[in-house]
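Please read the structure below before turning to the comments.
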Amino acid sequence: MNIEFNSKNMTFNIKTENSSYVLGVLKNKYLINLYYGKKIESFHDGDIMDSLPTICCAGFSANDIGDDECEISTNDIPCEYPTYGSADFGTPAFHAVYGNGSAITKFEYVSHNIFSGKKPLKGLPSSYAEAEAEAQTLEITLKDSGTGILAVLSYTVFEGADALCRNVKIVNGGSEAVDIKSALSQSAYLFDKNFEFVHLSGAWCRERHIEKMPLTRATISVDSKRVSSSHFHSPFMALARPNATEDEGEVYGFSLCYSGNFIAQAEVNTYDVVRINMGINPFGFNWKLEAGEEFQTPEVISVYSAKGFGEMSRCYHKFYRKHLCRGVWRDKERPVLINNWEATYFDFNEEKILNIAKKAKEAGIELMVLDDGWFGKRDSDNCSLGDWVCDRNKLPDGLESLAQKVEAMGMKFGLWFEPEMVSPDSDLYRAHPDWCIHSGNRKCSLGRRQLVLDLSRKDVRDYVVKAVCDILKSAPVSYVKWDMNRNITEIGSAELPAEKQQELPHRYMLGLYDILERITSAFPDVLFEGCSGGGGRFDAGMLPYFPQYWTSDDSDAVERMYIQYGTSMVMPSITMGAHVSAVPNHQINRTTPLKTRGDIAMAGQFGYELDLATLSEEEFEEVKSQVKKYKEIREIVHKGDMYRLKSPFEGNNCAWLFVSEDKAEAVLTFATIKATPNDGKTIVKLCGLNGGAIYTNVENGKTYSGDYLMNAGISFKHNVDFKTEMISLKIKK
Ligand code: GLA
Numbered sequence: 032m033n034i035e036f037n038s039k040n041m042t043f044n045i046k047t048e049n050s051s052y053v054l055g056v057l058k059n060k061y062l063i064n065l066y067y068g069k070k071i072e073s074f075h076d077g078d079i080m081d082s083l084p085t086i087c088c089a090g091f092s093a094n095d096i097g098d099d100e101c102e103i104s105t106n107d108i109p110c111e112y113p114t115y116g117s118a119d120f121g122t123p124a125f126h127a128v129y130g131n132g133s134a135i136t137k138f139e140y141v142s143h144n145i146f147s148g149k150k151p152l153k154g155l156p157s158s159y160a161e162a163e164a165e166a167q168t169l170e171i172t173l174k175d176s177g178t179g180i181l182a183v184l185s186y187t188v189f190e191g192a193d194a195l196c197r198n199v200k201i202v203n204g205g206s207e208a209v210d211i212k213s214a215l216s217q218s219a220y221l222f223d224k225n226f227e228f229v230h231l232s233g234a235w236c237r238e239r240h241i242e243k244m245p246l247t248r249a250t251i252s253v254d255s256k257r258v259s260s261s262h263f264h265s266p267f268m269a270l271a272r273p274n275a276t277e278d279e280g281e282v283y284g285f286s287l288c289y290s291g292n293f294i295a296q297a298e299v300n301t302y303d304v305v306r307i308n309m310g311i312n313p314f315g316f317n318w319k320l321e322a323g324e325e326f327q328t329p330e331v332i333s334v335y336s337a338k339g340f341g342e343m344s345r346c347y348h349k350f351y352r353k354h355l356c357r358g359v360w361r362d363k364e365r366p367v368l369i370n371n372w373e374a375t376y377f378d379f380n381e382e383k384i385l386n387i388a389k390k391a392k393e394a395g396i397e398l399m400v401l402d403d404g405w406f407g408k409r410d411s412d413n414c415s416l417g418d419w420v421c422d423r424n425k426l427p428d429g430l431e432s433l434a435q436k437v438e439a440m441g442m443k444f445g446l447w448f449e450p451e452m453v454s455p456d457s458d459l460y461r462a463h464p465d466w467c468i469h470s471g472n473r474k475c476s477l478g479r480r481q482l483v484l485d486l487s488r489k490d491v492r493d494y495v496v497k498a499v500c501d502i503l504k505s506a507p508v509s510y511v512k513w514d515m516n517r518n519i520t521e522i523g524s525a526e527l528p529a530e531k532q533q534e535l536p537h538r539y540m541l542g543l544y545d546i547l548e549r550i551t552s553a554f555p556d557v558l559f560e561g562c563s564g565g566g567g568r569f570d571a572g573m574l575p576y577f578p579q580y581w582t583s584d585d586s587d588a589v590e591r592m593y594i595q596y597g598t599s600m601v602m603p604s605i606t607m608g609a610h611v612s613a614v615p616n617h618q619i620n621r622t623t624p625l626k627t628r629g630d631i632a633m634a635g636q637f638g639y640e641l642d643l644a645t646l647s648e649e650e651f652e653e654v655k656s657q658v659k660k661y662k663e664i665r666e667i668v669h670k671g672d673m674y675r676l677k678s679p680f681e682g683n684n685c686a687w688l689f690v691s692e693d694k695a696e697a698v699l700t701f702a703t704i705k706a707t708p709n710d711g712k713t714i715v716k717l718c719g720l721n722g723g724a725i726y727t728n729v730e731n732g733k734t735y736s737g738d739y740l741m742n743a744g745i746s747f748k749h750n751v752d753f754k755t756e757m758i759s760l761k762i763k764k
């Protein structure tokens, strides 16, 4: 890690362990992007115009930043934070309308500052350094002299990490209010278009499937307008060489630390230069910035890998585990849990819950989670959200007594909430109909028969914080599942004036982050798991509050191969909630063996989502050994390096491997989706082992050298549908 400034040619070389991101200031004070890729220890000393990938002043390129002797056009150069109004007709990172009606901005370099450490982002989640020496930051201040508006571009790199963290702060240094139409977190550039745009697309129960398409001279983007990053697209994209594999080829990852409306875009211009834009979606966005005020954009965390997708993902995994997840649960061993949702749905009482807990305890499970239905009059999903008071009909002795009884069995107790919502049939809605997001008298569409609270309002936020904290204080609750089961429509706030209504999508997110900050810091020992109808909104912006996330409502083992494989592009396994549920599966009706369900779920944050009492004795014994096995391997799964070895998106098998940091232990899972009888075997070559060491297969005592496992590999038959095999390896002492 090291940020170098060369005053001779005004260049900045921002170095991570293996990459360089280079910027330069032209003589006329224009900040341009010169390079992003494999590390260059020292950039050249000469004229930076020589490093530009395009010709200057081609036809129809107005000379907007040159002088009479030197004709330069922003049409032709990679502007680091492009604006609208002059000769750059690409998508601007910044676009604003000023008091006089003009929408022209032209940023010029004013100053820079390099310092140790990293500043937190006001109101937004972001990566952090525990000690100043761990990180180094470059801040570059740009100014539009016509209006006094400033953009402070910030770049941080971390010791031992391969991530570049960027954000932009807009400061209104002028004397009148400005309407910001777009303030993206970044533009970055690649100087040829021989890349594929890779993103994670999905739906409820089908989250984060990998999609790839070649770049062409056009603009490709994914986005969200739902006020949630959502199930449908993730605020993540990668630009990968077409021949990039898991182990080889250049891949650039961009992950936005934000959970609301976003855009991720690659725009190829006529010179084949790719502009990579990422940030808050300009659609449906407006921010009135008064004189003297600041607007903070979310952070983009980018990773360059010269060694394929696998290396990119491992960089993200390590970085998110260490510098994005936080609090005691970042490093602490996470409990194996059981959740009653699919066992009982809303139909439970204390006895049923205690019976589930008792059986779970017998199986070695460590945490009993009571899901939806414990509050108000919630016997179905048509009421009571917002009324966070225990339903004494279901739980006559209250939550405290139930939690204590679970604790007395030697387990921890956890609870489900959906604090961002309100049911029309609730005391909260009857008392405060104005507290939901709505637009005047226009009818509000219901989603799962509920409305969304207006978290831009301080009174609403205070209510939510108090309601959740009161429950957490009232009983020994060690875990919270924080759910969010609809997206936002008919957007409007009763409190905001007309000219600020378009600020609501972002104000909602700021409100949510404020609530999460207050609640999680008031209960630092509670483990919070995020959820949004499964894995909607499972993004980098959630990890600082939720060190784990319910990856999908779809717990079918085959669907989970795709979902967990895709999610692992950017999210570490320690963050991925993965449970064994009943068969036929409640979402997709498929029956898979218990072993398969267990083996696939063990690649994440393991748990169960069924009534163990309904299992046969033999199955229950299998559950016991699954729990035992998971406890043996969880350290490797949670903190080891993940290697994806067979992609379900590319064939009939799925295989992944976790290797402990010291390479002494590894766990391999191989799965067959559809049986292919009379077929050859599939060879799986392992990665990341110690080549010279001898590994023992813990299950059958067979031994292999690391070199053998990595080069010759292990072969598997695939003549049975939905079959998995799990192999644990340990270096022979
Ligand atoms: C969502 C969650 C489920 C469950 C239900 C309860 O769908 O994803 O896991 O908690 O809500 O209503």
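Converting from the sequence shown to this note's numbering requires adding 31 to each position, the first position being numbered 1.
Every residue gets a Cβ at the ideal spot worked out from N, C-alpha and C, and that includes glycine.
{"query": "Boundaries (first-last residue) of the beta strand (DSSP E) holding Pro266", "result": "264-271"}
{"query": "Per-residue burial, Lys425 [other beta carbons within 10 Å of its own, 16 or more giving buried]", "result": "buried"}
{"query": "Reduced DSSP category for Met515 - H, G, I as helix; E, B as strand; rest coil", "result": "coil"}
{"query": "Val183 - containing beta strand (DSSP E), residue span", "result": "180-189"}
{"query": "Nearest candidate by alpha-carbon position, reference Gly315, set Leu535, Ser286, Leu482, Ile369", "result": "Leu535"}
{"query": "For Lys662, three-class secondary structure by DSSP", "result": "helix"}
{"query": "Closer than 7 angstroms: Trp372 CB and nearest the ligand GLA heavy atom", "result": "yes"}
{"query": "Val658 versus Val715: straight-line alpha-carbon distance, rounded", "result": "26 angstroms"}
{"query": "Which listed residue (Ile63, Lys319, Pro528) has its alpha carbon closest to that of Lys212", "result": "Lys319"}
{"query": "Backbone CA spacing between Met41 and Arg248 [nearest angstrom]", "result": "31 angstroms"}
{"query": "Touching by the beta-carbon criterion (3+ pairs, under 8 angstroms), the stretch 173-180 and the stretch 96-107", "result": "no"}
{"query": "Neighbourhood of Ile201 by C-beta, 6 angstroms cutoff - its chain only, sequence neighbours within 5 removed", "result": "Ala182, Ala214, Phe326"}
{"query": "Stretch-stretch touch, CB-based, cutoff 8 angstroms, three pairs: the stretch 694-702 with the stretch 609-622", "result": "no"}
{"query": "Asn516 CB to nearest heavy atom of the ligand GLA below 7 angstroms", "result": "yes"}
{"query": "Buried or exposed (CB count within 10 angstroms, at least 16 for buried), Pro151", "result": "exposed"}
{"query": "Cβ distance (whole Å) where Glu449 is taken to contact Asn516 below 8 angstroms", "result": "6 angstroms"}
{"query": "Top-ranked residue by Cα proximity to Met442, from Asp485, Lys392, Asp418", "result": "Lys392"}
{"query": "contact_flag[the stretch 270-279, the stretch 527-547] where n(CB pairs < 8 angstroms) is 3 or more", "result": "no"}
{"query": "CB contact flag (Thr606, Glu238, <8 angstroms)", "result": "no"}
{"query": "C-alpha distance - Lys712 paired with Ala702, whole-angstrom precision", "result": "13 angstroms"}
{"query": "The stretch 215-222 in contact with the stretch 107-115 per 3-pair CB rule at 8 angstroms", "result": "yes"}
{"query": "DSSP-derived helix/strand/coil call for Tyr739", "result": "helix"}
{"query": "Any non-hydrogen atom of the ligand GLA within 7 angstroms of Asp584 CB", "result": "yes"}
{"query": "Where His75 falls: helix, strand or coil (DSSP)", "result": "coil"}
{"query": "Cβ of Ala462 within 8 angstroms of any chain D Cβ", "result": "The displayed structure is made up of one protein chain only, and chain D is not part of it."}
{"query": "Beta bridge counterpart(s) of Ala686 as assigned by DSSP", "result": "Lys677, Phe701"}
{"query": "The stretch 450-457 in contact with the stretch 481-488 per 3-pair CB rule at 8 angstroms", "result": "yes"}
{"query": "Neighbourhood of Glu242 by C-beta distance below 6 angstroms, restricted to the same chain and skipping five residues each side", "result": "His230, Ser232"}
{"query": "Of the residues Pro329, Lys504, Ile664, Ala439, the one placed nearest Ala571, counting alpha carbons only", "result": "Pro329"}
{"query": "Any non-hydrogen atom of the ligand GLA within 7 angstroms of Glu236 CB", "result": "Note that residue 236 corresponds to Cys in the displayed sequence, not to Glu. Because no heavy atom of the ligand GLA lies under 7 angstroms away, the Cβ of Cys236 does not count as near it: no."}
{"query": "Whole-number beta carbon distance between Thr47 and Val188, since they are thought to touch under 8 angstroms", "result": "5 angstroms"}
{"query": "Beta-ladder partner(s) of Gln579, from DSSP", "result": "Glu560"}
{"query": "Any non-hydrogen atom of the ligand GLA within 7 angstroms of Trp447 CB", "result": "yes"}
{"query": "Length at least 4, wholly inside the stretch 577-643: the alpha helix (DSSP H) runs in chain order", "result": "588-598, 625-632"}
{"query": "Beta-carbon spacing of Glu290, Arg479 below 8 angstroms", "result": "Per the sequence shown, residue 290 should be read as Ser rather than Glu. For Ser290 and Arg479, no; Cβs fall outside 8 angstroms."}
{"query": "One or two residues paired with Pro245 in a DSSP bridge", "result": "Glu227"}
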